[in-house]
Amino acid sequence: MPQINMVEALNMALREEMERDDRVVVLGEDIGRRGGVFLVTDGLIDLFGEERVIDTPLTELGIIGFSIGLALYGLRPVAEIQFIDFVYEAFDQIYSNMARIRFRSGGMYNVPLVLRSPCCGGIKGGMHHSQSPESLFIHTTGLYVMMPSGPYDAKGLLKTAIRLNDPVIFLEPKSIYRVIKEEVPEDDYTIELGKGKIVREGGDITLVTWGAMVHISKQAADIVKEKLGVEVEIIDLRTLYPYDKDLIIDSLEKTGRMLIVHEAPKTLGLGSELSAYIVEEHVDLLYGPILRVTGYDTPFPLAHEKLYMPNIARIYNAISKLMEY
Amino acid sequence: MSRIVRGIDEASIEKTLGIYRIIDEEGNIVGDEPNLDGSTLYKLYEYMVRARVLDEWLLKLQRLGKVAIHAPNLGQEAIVGAVTPLKPDDWVFPSYRDLGVYLVRGMDEEEILDRALYNQDDPLKGSDFAIYGNRRFNMVPTPVPVGNQIPHAVGVAYAMKYLDRDSVTMVMFGDGATSRGDFHAGLNFAGVYRVPVIFVCENNQWAISVPFDRQTRSPSIAFRGLVYGIESIRVDGNDVLAMYKIASEAVEKARKEKEPYLIEMLTYRLGSHTTADDPSKYRSEEEVNRMMKYEPLKRYRNYLIFKGVLTDSEANELYRRYYNYIEDIAKKVLNKGGLPHDVFFHNVFEKLPWNLQDQLREFRESLELMKSLGLEVD
Ligand SMILES: Cc1ncc(C[n+]2csc(CCOP(=O)(O)OP(=O)(O)O)c2C)c(N)n1
Ligand SMILES: [Mg+2]
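Residue numbers (our numbering), protein chains in the order written: chain A, 9 to 333; chain B, 330 to 707.
So, in C-alpha cells, the structure goes:
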C-alpha cells in the first residue's frame with residue numbers, strides 16, 4: 009500500500025465519493041483549474057467537469073448559502089472555504105440556516121452539506137491564515153464538527169461526513185497536510201462519527217487532544233517518559249462534536265489524571281466543555297484538577313507563533329504538575 | 330430611445346463601459362493631458378519606479394527566505410496616480426498589493442521592509458503578514474479578508490462629513506473583492522448617505538485563478554457602481570496620467586460636494602497572486618506576454634522623454650539609484666533584532682484583563698522552562 013499525505017488522502021476521498029454518487033459536487037474559490045490553494049481538489053475538474061467542480065466568485069456567504077440550496081434539493085455539496093479564517097461572511101448562513109433548517113422545518117428538510125476548510129497554525133500564516141475556531145461551530149448547535157490528525161483518518165472521516173444527512177464542519181490542520189505520510193487503502197472505508205482513537209497508551213495521564221496537536225503531544229509524551237518516567241495515554245478525538253466521552257472515561261478509570269491540549273484560545277475552547285463535563289459527571293475518577301494547555305486568549309500572531317501555540321515545554325510542565333496528585 | 334433614471338443617463342453609462350485614457354501603450358497622447366508641471370510629472374514616475382524596485386526586492390528577499398510571503402505588484406504601479414491628489418488629512422484604506430500607495434502616503438522603504446520582516450521596528454508589531462498601514466499617514470492597515478475595509482471607508486467618510494471636516498476617504502480593493510457583501514453594503518451606504526468616499530477598484534482581471542468574467546457577468550465594475558447611485562468611471566489603470574486626472578476630479582468633487590465616486594482601474598496582474606501561488610496551473614504564459622506591452626512604466630517613460638521631462642539615461646539612473654538605495658536598507662533591516670517574545674499579549678485591549686495577565690505570567694514561565702529543557706526559544 010502506498011504511503012500518502014493528507015492532501016492526497018482527502019483528494020482520494022473526494023474522488024471516490026464523486027465516483028460513487030453523482031449527487032456529490034464540490035465548490036469553492038480556486039478549487040477548479042487551480043485545484044485549491046493546497047491542491048486538495050487537484051485534478052477533479054478534469055475527471056468530473058466544471059458543473060461538478062465549481063469555481064465560485066469570491067464570496068463565502070455565496071458559497072455556503074448556495075450550497076444550502078444545493079443540499080435542500082438533494083445534492084451533496086462539499087464546499088471549500090479557502091481558509092477557515094475567511095468563513096465569517098458566511099456565518100449568518102451557517103448559524104441561522106445550515107445548522108437550523110432541519111429544526112425550523114420540523115424535520116421536513118435537511119442539509120447534507122460538508123464545509124471543509126484548512127485551519128490552525130504552524131505555517132507562519134499570521135492572524136488570518138492560522139486560527140482554530142472549532143468552538144464557534146460547536147457552540148452553534150446543529151453542526152457536527154470533525155478534525156483529522158493524519159491521512160488515514162482524513163479519508164475515512166471525510167467519507168463519513170459526505171454520507172451524513174446533517175451538516176458537517178470538517179477542519180483540516182494545514183500544518184500537517186504534507187508532513188505526515190501513512191498507508192491509506194484505496195478501498196472504501198469510513199470512520200464512525202463520534203469515535204476517538206487512542207494513539208498512545210499509558211497508565212498515568214489521559215491527554216485529550218486533536219488535529220496537529222496530537223503530534224506535539226506525542227513528542228512531549230516521549231520526553232516526559234524519558235525525563236520523569238510518566239506514561240501518558242493520548243486520545244485523538246477526531247470528532248469534536250459529539251465527542252467520544254466513553255473513550256475518555258475509560259482512560260480516566262485507569263489514570264485518574266486529565267490534560268487537554270488544543271490550539272484554540274483557552275476561554276471557551278472545547279477544553280472548557282470537556283473539563284466541565286468530566287467534573288459534573290465523573291469527578292470521582294479524578295485525583296486532582298483537570299489542566300489545559302491551549303492557545304492564549306489573544307488573536308493568533310504572526311510573530312512568535314511557535315510560542316503562542318501549545319509546545320512541548322508547556323505540556324511537560326502541565327504533566328509534572330498533574331503528577332503531584 | 331433614451332431614458333434617464335435617477336441621474337443615470339446614457340452618458341454616465343458610457344463612462345462605465347469605455348476606457349478612459351490619456352496616453353496609449355507607446356506613450357502617445359490620445360486624450361486630454363492634465364495641466365501638470367514637470368516636477369509633478371516626474372514625481373509620478375519616481376513613485377512608480379520606487380514601487381517597482383521595492384517589489385523586486387521583496388521578491389528577492391522572499392526567495393532568500395527572509396520575507397514570508399509577498400503579493401507581487403508588477404503592472405499595477407499606476408495606482409500612485411490615484412493617491413497623489415490626496416492631502417495628508419485625507420484617509421486611505423489600501424489593499425495588500427499597493428506598494429505605490431504606501432510610498433506616496435509617506436511610508437519609506439525601511440518601514441516597509443521592517444514590516445515585511447516583522448522585526449523589532451515593525452510598526453504593526455508582528456500582527457499579520459503582507460499588510461501595511463500607519464496612523465501617521467492616515468492609512469489603516471489592510472484586513473486580510475478581502476474587501477472588509479470597504480464599508481469602513483464609508484463610515485469614516487460619513488464621520489468626516491458629520492464633523493464638518495474638509496477631508497475625504499479613499500479605499501482600494503480588487504475585482505475579486507467586489508463579490509463580497511462588504512462591497513455591496515459599502516456602496517449602498519455611500520449611495521444612500523452621499524459621503525465623500527472614493528472607491529478605487531483595482532481590476533487586475535484575476536482573483537488568484539478566477540478570471541474576471543467568472544467573477545461577475547456585469548460588463549464592468551464601474552457599471553455596478555452606477556446602479557448604487559454613485560458616479561463611476563472605468564479608467565485605463567496602466568495609464569498613470571489618466572488615473573491621476575480622474576482621481577483629482579473625484580477627490581475634488583468628494584471634497585466640495587460630499588459625493589461618493591467609483592474609479593475602476595483596469596489593469597493586469599503580471600505576476601503570480603503571491604509568492605505561494607503557481608499561475609501556470611490556470612493561465613497561459615502567452616496571455617501574460619501579450620499583456621506585458623501594456624505595463625504602465627514603459628509608456629509613461631516614453632511620454633516623459635517626449636515631453637522633455639526625462640532622458641533615457643536619467644531614467645536608467647533613477648532605477649539604479651533606488652536599487653542601490655534599497656540594497657543598503659535591506660542590509661540594515663536584516664541586521665535588526667526580532668520583536669519581544671510576549672509581543673502578542675499587548676494590543677489585544679488597552680489594558681490586560683486578569684485572564685491575560687495570568688496567561689502572560691504562565692507564558693513567561695514557559696520560556697524559562699523551554700530553556701531549561703534545552704528547547705529553542707525562537
Ligand atoms: C474573504 C476572503 N476570502 C478568501 C481570501 C483568500 N484570497 C486572498 S486574495 C484572493 C483573491 C483576491 O482577488 P482580488 O480581490 O481580485 O485582488 P487581487 O489579489 O487580484 O489584487 C483570495 C481568494 C481572502 N483573503 N479573503
Ligand atoms: Mg484581482
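All C-beta atoms in this analysis are idealised placements derived from N, C-alpha and C, irrespective of residue type, glycine included.
Notebook entry, point to check: Comparing the CB of A:GLN90 with every heavy atom of ligand 1, is any distance shorter than 7 Å?
Noted result: yes
Check: Between which two residues does the beta strand (DSSP E) carrying B:PHE502 extend?
Finding: 498–503
Check: B:TRP535: beta carbon under 7 Å from a heavy atom of ligand 2?
Finding: yes
Item checked: chain A contact residues for B:SER695, given Cβ-Cβ distances below 7 Å -> ALA321, ARG322, ASN325, listed in chain order.
Margin query: List, in chain order, every chain B residue whose beta-carbon is nearer than 7 Å to that of A:ASP38.
Written below: By Cβ distance, chain B contributes ILE537, SER538, VAL539.
Next item on the list: Examine chain B for any beta-carbon lying closer than 8 Å to the beta-carbon of A:GLY82, and answer yes or no.
Entry: no
Checklist line | Contacting residues, own chain, Cβ-Cβ under 7 Å from B:ARG444 (five flanking each side not counted) | finding: ASP451, PRO452, LEU453, TYR461
Next item on the list: List the endpoints of the continuous beta strand (DSSP E) containing A:LYS205.
Entry: 205–208
Next item on the list: Using a Cβ cut-off of 7 Å, pull out every chain A residue sitting near B:ASP457, in sequence order please.
Entry: GLY134, MET135, HIS136, LEU310
Notebook entry, point to check: Nearest chain B C-beta to A:LYS314 closer than 8 Å, yes or no?
Noted result: yes
Item checked: Entirely enclosed alpha helix (DSSP H) segments - the stretch 608–637 of chain B, minimum 4 residues -> 614–621, 625–636
Item checked: Partner residues on chain A for B:LEU698, Cβ-Cβ distance less than 8 Å -> ALA321, ARG322, TYR324, ASN325
Notebook entry, point to check: Three-state secondary structure (DSSP) at B:ARG563?
Noted result: strand
Check: Taking the continuous alpha helix (DSSP H) assigned at B:MET489, which residues delimit it?
Finding: 478–491
Notebook entry, point to check: Going by the C-beta, is B:VAL475 closer than 7 Å to any heavy atom of ligand 4?
Noted result: In the structure on display, ligand 4 does not appear, and the ligands it does have are ligand 1 and ligand 2.
Note to self: Looking only at its chain, what residues have a beta carbon closer than 8 Å to the beta carbon of A:ILE7, apart from the 5 residues adjacent to it on each side?
What the structure shows: Absent from the structure is residue 7 of chain A, since the part of chain A shown begins at 9 and ends at 333.
Check: Leaving out five residues before and five after B:LEU390 in sequence, what residues of the same chain have Cβ atoms less than 6 Å from its Cβ?
Finding: VAL396
Note to self: What ranges does the alpha helix (DSSP H) occupy inside the stretch 93–141 of chain A, keeping only unbroken runs of at least 4 residues that lie completely in it?
What the structure shows: 109–112
Notebook entry, point to check: Between which two residues does the beta strand (DSSP E) harbouring A:ASP247 extend?
Noted result: Note that residue 247 of chain A is Thr in the sequence shown, not Asp. Taken as a continuous stretch (DSSP letters only), the beta strand (DSSP E) holding A:THR247 covers 247–249.
Notebook entry, point to check: For A:TYR191, which three-state DSSP category applies?
Noted result: In the sequence on display, residue 191 of chain A carries Glu and not Tyr. In this structure, A:GLU191 counts as strand in the three-state DSSP scheme.
Check: Does the beta-carbon of A:MET116 have 16 or more other beta-carbons within 10 angstroms, so that it is buried, or is it exposed?
Finding: exposed
Notebook entry, point to check: Along the stretch 260–287 of chain A, what residues have a CB closer than 9 Å to any CB found in chain B?
Noted result: LYS274, THR275
Check: Would A:ASP334 count as contacting chain B if we go by Cβ distances under 8 Å?
Finding: Since the first residue of chain A shown is 9 and the last is 333, residue 334 of chain A is not available in this structure.
Check: Would B:GLN391 count as contacting chain A if we go by Cβ distances under 8 Å?
Finding: Interface flag for B:GLN391 against chain A is unset, since no Cβ pair is found closer than 8 Å.
Item checked: Whether A:LEU330 touches A:ARG265 by CB criterion (8 Å) -> In contact: A:LEU330 and A:ARG265 (Cβ atoms closer than 8 Å).
Check: Opposite A:ARG300 in the DSSP bridges: which residues?
Finding: A:ILE268
Checklist line | Residues near A:PHE6 in its chain [Cβ-Cβ closer than 7 Å; skip 5 each side] | finding: An answer regarding residue 6 of chain A cannot be provided, because it is not within the stretch 9 to 333 covered by chain A.
Checklist line | Proximity test, Cβ basis, 8 Å: B:ASP707 and chain A | finding: yes
Next item on the list: Under the assumption that A:TYR152 contacts A:PHE46 (Cβ atoms under 8 Å), give the Cβ distance between them as a whole number of angstroms.
Entry: A:TYR152 to A:PHE46, Cβ: 22 Å. No contact.
Notebook entry, point to check: Using 8 Å as the Cβ pair cut-off and three pairs as the minimum, do the stretch 365–373 of chain B and the stretch 637–648 of chain B touch?
Noted result: Taking 8 Å as the limit for Cβ pairs, the verdict is that the stretch 637–648 of chain B does touch the stretch 365–373 of chain B.
Next item on the list: Count the other CB atoms, across all protein chains shown, that sit within 10 Å of the CB of B:ILE333; report buried if there are 16 or more and exposed otherwise.
Entry: exposed
Next item on the list: Put A:PHE56 into one of helix, strand or coil per three-state DSSP.
Entry: helix
Notebook entry, point to check: In the DSSP assignment, what are the bridge partners of B:GLU593?
Noted result: B:CYS530, B:ARG563
Margin query: For a quick check, are the C-beta atoms of B:VAL433 and B:TYR376 less than 8 Å apart?
Written below: Yes, these two residues count as a Cβ contact at 8 Å.
Checklist line | Below-8 Å beta-carbon distance, B:HIS670 vs any chain A residue | finding: yes
Check: Between the C-alpha atoms of B:GLN478 and A:THR148, what's the straight-line distance to the nearest angstrom?
Finding: 27 Å
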